[in-house]
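In what follows, a single structure is set out as structure tokens and then discussed.
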Amino acid sequence: MSVSRETFESQVLGLLGRLQGVARRLTRNDTDAEDLVAETVARAWRALDTLEHEAAFRGWIFRILNNTFLDECRRRGARPRFEPLDCEAPEGDEEQQFSIFEQMHQPFLLWFSTPEQEFLDKLLREDLERALATLPECYRIVVILSDLEEFSYAEIAAALGVPVGTVRSRLARARSALQKILWQQAKDIGLAAEAPAENECSETASAPRATAGRRKKGEVT
Amino acid sequence: MTKHEIDCEQALDQLIEFVDHELPEGKHSAMQHHMRACKSCFSRFEFERRLKEKLGTLRDTEVSSDASERIKRLLKSF
Ligand SMILES: [Zn+2]
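Protein chains in written order, with the working numbering: chain A, 81 to 301; chain B, 1029 to 1106.
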């Protein structure tokens, strides 16, 4: 056995909140989430000899969580709306990334007006929750692991059992899909509108251009 | 122009990995350099960074005492 019983217990208890949180987002239901975590822990214990070393624990147990979730969906006949394969980009579609920034950004606007940043300011927690819940499962899981759980690409790769390159491209498509949903939601409630075409904003085009020194640029981290 | 400088196209290609802190040291500092010099890429970066940060606030790690008891009992049963 690669790790001791004590180590297994303390790792599980240490990660319990995060396992529970991710399970809740996958199942969208507290009871199912608790069952999923319990089943995951039981399976993990039985599969302990597949864990190579303690440092890999987090990726390893989240992989079991994800697989247990998918198995459960299949068992109930309630398959995820999109099977993992459907998450691959259609051939030749790599460049079709959706970006709210590109929809909204107006480079010739006055310096104090940055519609895309205002868009973010107005986004509520509920908006993000709803958009995340709308994402297909295979996209949702990469966004959860990367943006909520702060997993590295290598850890996400371990958790999903896919190569790191796949994580990178799937994340790119997942974020594009998420932005598309957020954008649609915002348009539905009249929060967002595309940047006007160049000829419609002649009065802003002649306004003074933003100067490079308007924002402290040393803050990039 | 040093060999470490990158153009906007290269910067946008690597933007997601930059936001995720996944670039190797050399590429990361080339990106930082570009962001300081290029307002357009910096705005784009700021947008992606803030969206990621906002998503991060959704993380929830709440465990009810019932759920926690259940896992503790399960662990004892192994
Ligand atoms: Zn640039």
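Ideal placement from N, C-alpha and C gives every residue a C-beta, glycine not left out.
These numbers were taken from a predicted model, which means no experiment stands behind them.
Where leucine 228(A) is concerned, there is no enclosing alpha helix (DSSP H), because DSSP gives it neither an H nor an E.
Taking 7 Å as the cut-off, one finds at least one heavy atom of ligand 1 near enough to the beta carbon of alanine 1039(B). Shown in chain order are the members of the stretch 96-107 of chain A whose Cβ falls below 8 Å from a Cβ of chain B: Leu96, Gly97, Arg98, Gln100, Gly101 and Arg104. In the pairwise beta carbon analysis, the stretch 193-209 of chain A is classified as touching the stretch 1075-1088 of chain B: at least three pairs are separated by under 8 Å.
Your pair valine 1091(B) and glycine 97(A) checks out as a contact, with CB atoms roughly 5 Å apart and the cut at 8 Å. Here phenylalanine 178(A) carries a coil assignment [DSSP, helix/strand/coil]. Taking non-hydrogen atoms of ligand 1 into account, the C-beta of histidine 1061(B) is found less than 7 Å away from none of them.
Going by C-alpha positions, arginine 253(A) is about 18 Å away from glutamine 265(A). At a cut-off of 8 Å between C-beta atoms, serine 82(A) does not count as an interface residue with respect to chain B.
In the three-state scheme derived from DSSP, where H, G and I count as helix and E and B as strand, aspartate 112(A) is classed as helix. Only buried fits alanine 124(A), as 16 or more other CB atoms lie within 10 angstroms of its CB. Taking a Cβ-Cβ cut-off of 7 Å, the neighbours of lysine 1082(B) in chain A comprise Leu200, Leu203 and Leu208, given in sequence order.
Distance between glutamate 230(A) and phenylalanine 199(A), taken at the CA atoms: about 24 Å. Between alanine 1039(B) and chain A, the shortest Cβ-Cβ separation is not below 8 Å. In the assembly as shown, aspartate 227(A) is a buried residue. Its beta-carbon has 16 or more other beta-carbons within 10 Å. In terms of Cα proximity to histidine 133(A), the closest of Thr87(A), Arg156(A) and Gln100(A) is Thr87(A).
In the assembly as shown, cysteine 218(A) is a buried residue. Its beta-carbon has 16 or more other beta-carbons within 10 Å. For aspartate 1094(B), the uninterrupted alpha helix (DSSP H) run begins and ends at 1093-1105, by DSSP.
Boundaries of the alpha helix (DSSP H) around threonine 107(A): 85-107.
With respect to the 8 Å criterion, alanine 234(A) and valine 242(A) are not classified as neighbours on the basis of their beta carbons. The count of Cβ pairs closer than 8 Å, one atom from the stretch 1067-1083 of chain B and one from the stretch 1036-1051 of chain B, reaches three, so the stretches are in contact. A residue is called buried once 16 or more other Cβ atoms fall within 10 Å of its Cβ, and glycine 270(A), having fewer, is exposed. Interface with chain B (8 Å Cβ-Cβ cutoff): arginine 250(A) is excluded.
Your pair alanine 213(A) and arginine 104(A) does not check out as a contact, with CB atoms roughly 11 Å apart and the cut at 8 Å. At a cut-off of 8 Å between beta-carbon atoms, proline 187(A) makes contact with chain B. In the three-state DSSP reduction, isoleucine 1044(B) falls in the helix class (H, G or I).
Residue nearest to isoleucine 1099(B) within the set Ile141(A), Ala136(A) and Ala118(A) is Ala118(A) (criterion: CA-CA distance).
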